[in-house]
Each structure stands twice: as structure tokens, then as C-alpha cells.
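Counting in our numbering, the sequence shown runs from 114 upward without gaps.
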Amino acid sequence: MAKKSYAADLVVVGGSATGVLAAICAARKNKKVILIEKESYLGGLAVGSLMGQLTGCGLNDRAMFGGAAKEIIDELFHNNGAKYYPMPARTKEGNIMLLRYNVESLGYLLEQKAVEAGVTVLYSCTVVSAEEDEGSCHVVARGLFDTLEIESSLIIDATGNASVAHLMGLETVTPDIDERMSVALIFKMGNVDCEKLDEFDWVSVRDSWHEEGILPSKFLAFAPCPNTNEAIINATYRANVDQESTEEVTQALMELRKQIHDIIPRFIKHVPGLEHSFLSATAPMLGVRDARRIKGQFCLTGEDIMKMEAYEDAVAPGCWPIDVHLPDGGNVWFETDKPYAIPYWTMVPQNGGRLLVTGRGIDTDESAFSAIRVIPTCMGLGEAAGEAAVLAISASKTFDQIDGKELHAVLRSKGVQV
Ligand SMILES: Cc1cc2nc3c(=O)[nH]c(=O)nc-3n(C[C@H](O)[C@H](O)[C@H](O)COP(=O)(O)OP(=O)(O)OC[C@H]3O[C@@H](n4cnc5c(N)ncnc54)[C@H](O)[C@@H]3O)c2cc1C
């Protein structure tokens, strides 16, 4: 197996929209950044799980994006790859903004942005070990035919599962298997009459359809892809899956694929707009909602979100409600009146110095996790992580030595709404 060596200021592990934002923010400020992604595209679940909609982009027609995240979303609009959709709030007046997007457009745009910023992207390789000493970090990543060894000052863990923190032996937690949110396999139908589908009030039928056996759980969401005749469908369900077990993930993928093939004839029969449709894609990645998370220097709780606590070191806004998918198919849902803030110290591991965790692997309890895990919020956390790395590298500091208030000020000056 060939061995290769690299050196960088910053290694970002995980090429989701979160990791890409971290990487481009640091690279644009002249830091040498390597982004390592185990799949062969950027976007994480937003692309690989065929998500098709960003939930919690803003409240009451006011979008929450700022900084580099806003630039990416604006370009998606410009490319005809996105469209806002106001979802009526369930427990209040007003709406929660969703953004429906073309998965292909987002993946390609993220790749272009990363390359333009000067990020070295390494696909199809998985980080298998990471350690830090007093002065630097040492990361090992495996491709199918080669091993990459990278020396860097800092690491950002954007794996969506605090995997690097776990590899480094830092304290992490996962909910018990019987308390984890269900997993799903999202799919896409072609030749859809999207206008007709858009008029269909599927929220009103999902409970009865579950009782009648049309749906495997009460969960159902359709997202017509902007400017296409395709629609993304999230309707499958499997509880109690350990996402860290190869056998369980394999079993879940097989069961969920079967669910898709069983559901489609029923949808063609019952869903207006799908009469002449066909299955055009199944997500290549299992949709795992729950995640391993770090024990950080601050734990954000559901109560903090409900109270919309203010923080001097707020680094990212969120507005998606507390949204726990219970293993029995039920749902806990709490909407806030305005966006809430996520503080910097949720990203800093308890004993960590050179590692920062971003995206959904930050320190939260299960309720706060269910709210902050959505992609727009994770994108904000990614941008915050990238700017934190810039502050740390420029001052030869570690992540636990930078000033959260200074980071807050940097982000505000970029238009981030915190
Ligand atoms: C079924 C389902 C439906 C959802 N619906 C929505 C929705 O409608 N809207 C919404 O906004 N959110 C939705 N979410 C939530 C959202 O998709 C995730 O919470 C979000 O993508 C998390 O972002 P992330 O950047 O933290 O991680 P991820 O998107 O999981 O990205 C992590 C990346 O790291 C890579 N990686 C992991 N480990 C390694 C390693 N060791 N080496 C190299 N690379 C690695 C992965 O391949 C991946 O690309 C849904 C989630 C699920 C499962």
C-alpha cells in the first residue's frame, strides 16, 4: 500500500456542507487546508442522503443565512437550484422557512467553492486515526490503495458523528439504542407532476395512512425539486439501529430498500402528482438522524433553546424546532418565537486543545440535538469552526485558548445573524 505525506495548517475531516464551510472560510484567509471525505462527493447527508430540503432556514419569511453560507445559498438560487418554501408553523402564527434544492447543484457548487478557495480536497479516504501532541496533530487516512499521513496544526471534526474526537480518545456520548431516533432511506421519483404534488396536503393524511398500512410509520415528507419534474420522498422508517455496527447498517439498508419498493405502487395509486412517476434514485447513504456527540466545555440543552438564551460567544443561529423522532414513530415538537443561539464552547471538547467539533457532533442534550442537527444550523457551525481555526492559527493558539467573544465579533462582521 502506497504511503503519502502531507502538511497543512488545518485538516477538516468530513466534507458535508458543514465541513466545506469550515474549510473554505479558513482557506480564504490564506490557511493551508486539507479536506478529507470518505465518499466521492461533497455535501454529506445533504447530497448523499438525497435530502432535497434544508429545514429551518429562517422564521416568518426572514432567512437566517449570513456570511459564506449566504453566498452559497444565493448562488444556488442563481443557478435555479433552490426555492424557498414557507412551512406553516404548527403551534404558532407564522412560518418556518424550508429551502428545497437540487441535490446535484448543491454537490457541484460545494466542490467548486472549495477548489476556488484553494482547499485540497481528498475523496474516497477515511480518517482512521488522529492524535495531537504539544505542537501539532497527526492524522492518518486510508484510501482503497494508499495511506495518507498528514501533519497539521489543528483538526476540525465535521464527521457528523464526532468520529475524530472518538478516535482521539476524547469523551463522547451516544444515546442508548432503544432511545435513538429512527433511520430512513430517502428516494427520488421522476416524471412527477410537481404542481399537483405541491397542492397535496400530505401532513393531513400521514396518521391515517400509517393506520391503513400505506406508510410504515407516521412520518412522511415530499420535496419537489426546484425546476425539475422530480420529487424527493422521505417515508421509510426503521428504529433501534446502531449506526456504528456494519451488520446493523447493512440490514437496515436492505429493509429500507424493500420498504421503498413496497411503498411506490401505493404512492402511485394514492398521491396526486405521482400517477405517472417512477423510482429514479435511492439515496446511496443511509439517513442516520442520531449521532455520537462530544462532551464539550458547554452542553446546550433543550431548555436553553426553549428559553432562547443569549450568549456573548454565540457563533451560529438555529430556528428549527425541537423535533425528536421517537423510536415508536411519535414526535416531540417545540417551536421557538425567534431564532436561538449556539455558543462556541459547545464545539470545544472537554480536554481537547487542537481539535474542534462542528456540525451535529457538538455537545447537546437529546432535545437540543434534535433542533440543531438540521443542515442550515450545521452550516453556520461549520463557518464558525473555520473562523475559529483562523483565529487560532494566526495567534499560534489552540481551540481552547481563543476568545469566543472575539469569534462572535468576527462572525457578526461577516453578516452571520448571531
Ligand atoms: C432521514 C433524515 C432526514 C433528514 N431531513 C432533514 C431535512 O429535511 N432538512 C435538514 O436540514 N436536515 C435533515 N436531516 C438532518 C441532517 O441531514 C443532518 O443532521 C446533517 O446533515 C448533519 O450534518 P453534518 O455536517 O454534521 O454531518 P453529515 O451530513 O453526516 O456529514 C458528515 C460527513 O463526514 C464524512 N465522514 C464521516 N466520517 C468520516 C471519516 N472518518 N473520514 C472521512 N470522512 C468522514 C461523511 O461521509 C459525510 O460526508 C435529516 C437527517 C436524516 C437522517
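The beta-carbon is built from N, C-alpha and C at its ideal position, and this holds for glycine as well.
Given the structure is predicted, the values throughout are model-derived calculations rather than measurements.
Anticipated Cβ contact below 8 Å, residue i with residue j, distance rounded
| i | j | result |
| --- | --- | --- |
| Val133 | Leu155 | 5 Å |
| Ala423 | Ala394 | Rounded, the Cβ-Cβ distance is 43 Å, inconsistent with contact. |
| Glu448 | Lys205 | 6 Å |
| Ser162 | Ala429 | No, Ser162 and Ala429 are not in contact; Cβ-Cβ is about 21 Å, not under 8 Å. |
| Arg293 | Asn353 | 7 Å |
| Val277 | Ala136 | Contact flag wrong, Cβ pair sits at about 14 Å. |
| Ala553 | Ile418 | With the chain covering 114 to 531 only, the question about residue 553 has no answer from this structure. |
| Ala227 | Val216 | Rounded, the Cβ-Cβ distance is 17 Å, inconsistent with contact. |
Test item: CB-CB of residue i and residue j under 8 Å
| i | j | result |
| --- | --- | --- |
| His98 | Asn304 | One cannot answer for residue 98 here, as it falls past the ends of the chain, which runs 114 to 531. |
| Leu532 | Ser237 | The requested residue 532 is not part of the displayed model; the chain covers only 114 to 531. |
| Ala195 | Glu496 | no |
| Gly83 | Phe512 | Outside the modelled stretch of the chain, which goes from 114 to 531, sits residue 83, for which no answer is possible. |
| Gly472 | Leu494 | yes |
| Ile269 | Leu399 | no |
| Ser295 | Arg351 | yes |
| Ile407 | Pro462 | yes |
| Ala120 | Ile488 | no |
| Cys412 | Ser129 | no |
| Leu369 | Leu298 | yes |
| Pro199 | Asn193 | no |
| Pro329 | Asp403 | no |
Given residue i as reference, the closest of the options once Cα atoms are compared
| i | options | result |
| --- | --- | --- |
| Gln410 | Gly180, Glu448 and Asn464 | Asn464 |
| Glu264 | Lys145, Ala481 and Met419 | Lys145 |
| Arg255 | Glu479, Val240, Ile185 and Asp516 | Val240 |
| Glu229 | Glu244, Trp433, Cys138 and Ala271 | Cys138 |
| Tyr214 | Asp375, Leu189 and Ile185 | Leu189 |
| Met164 | Leu212, Phe380, Ala121 and Leu123 | Leu212 |
| Tyr197 | Ile376, Glu312 and Asp174 | Asp174 |
| Leu310 | Pro456, Ile149 and Val384 | Val384 |
| Asp122 | Gly128, Lys142, Ser129 and Ala130 | Lys142 |
| Ser317 | Phe335, Asn353, Trp433 and Gly273 | Phe335 |
| Thr414 | Leu261, Cys307, Pro456 and Lys116 | Pro456 |
| Ile147 | Pro201, Gln166, Ala271 and Pro199 | Ala271 |
| Phe391 | Gln356, Asn342, Thr287 and Gly431 | Asn342 |
| Thr349 | His374, Glu360, Glu357 and Pro339 | His374 |
| Trp315 | Val253, Thr359, Gln372 and Leu387 | Leu387 |
Outcome for residue i when other beta-carbon atoms lying within 10 angstroms are tallied against a minimum of 16
| i | result |
| --- | --- |
| Asp320 | exposed |
| His438 | buried |
| Trp556 | Given a span of 114 to 531 for the chain in the structure shown, any question on residue 556 remains unanswerable. |
| His521 | buried |
| Gln530 | buried |
| Ile443 | It is worth fixing the name first, because residue 443 is Gly in this sequence and not Ile. Gly443 comes out exposed. |
| Ala498 | buried |
| Met114 | exposed |
| Glu308 | exposed |
| Ala501 | buried |
| Met421 | exposed |
| Gly282 | exposed |
| Glu312 | exposed |
| Ala481 | buried |
| Gln225 | exposed |
| Met177 | buried |
| Lys301 | buried |
Residue i Cβ short of 7 Å to ligand 1 heavy atom set
| i | result |
| --- | --- |
| Val133 | no |
| Ser249 | no |
| Ala347 | One detail in the question is off: residue 347 reads as Asn in this sequence, not Ala. Yes - ligand 1 has a heavy atom lying nearer than 7 Å to the Cβ of Asn347. |
| Val126 | yes |
| Ile299 | yes |
| Pro201 | no |
| Lys151 | yes |
| Thr459 | no |
| Ser218 | no |
| Ala502 | no |
| Gln166 | yes |
| Ile186 | no |
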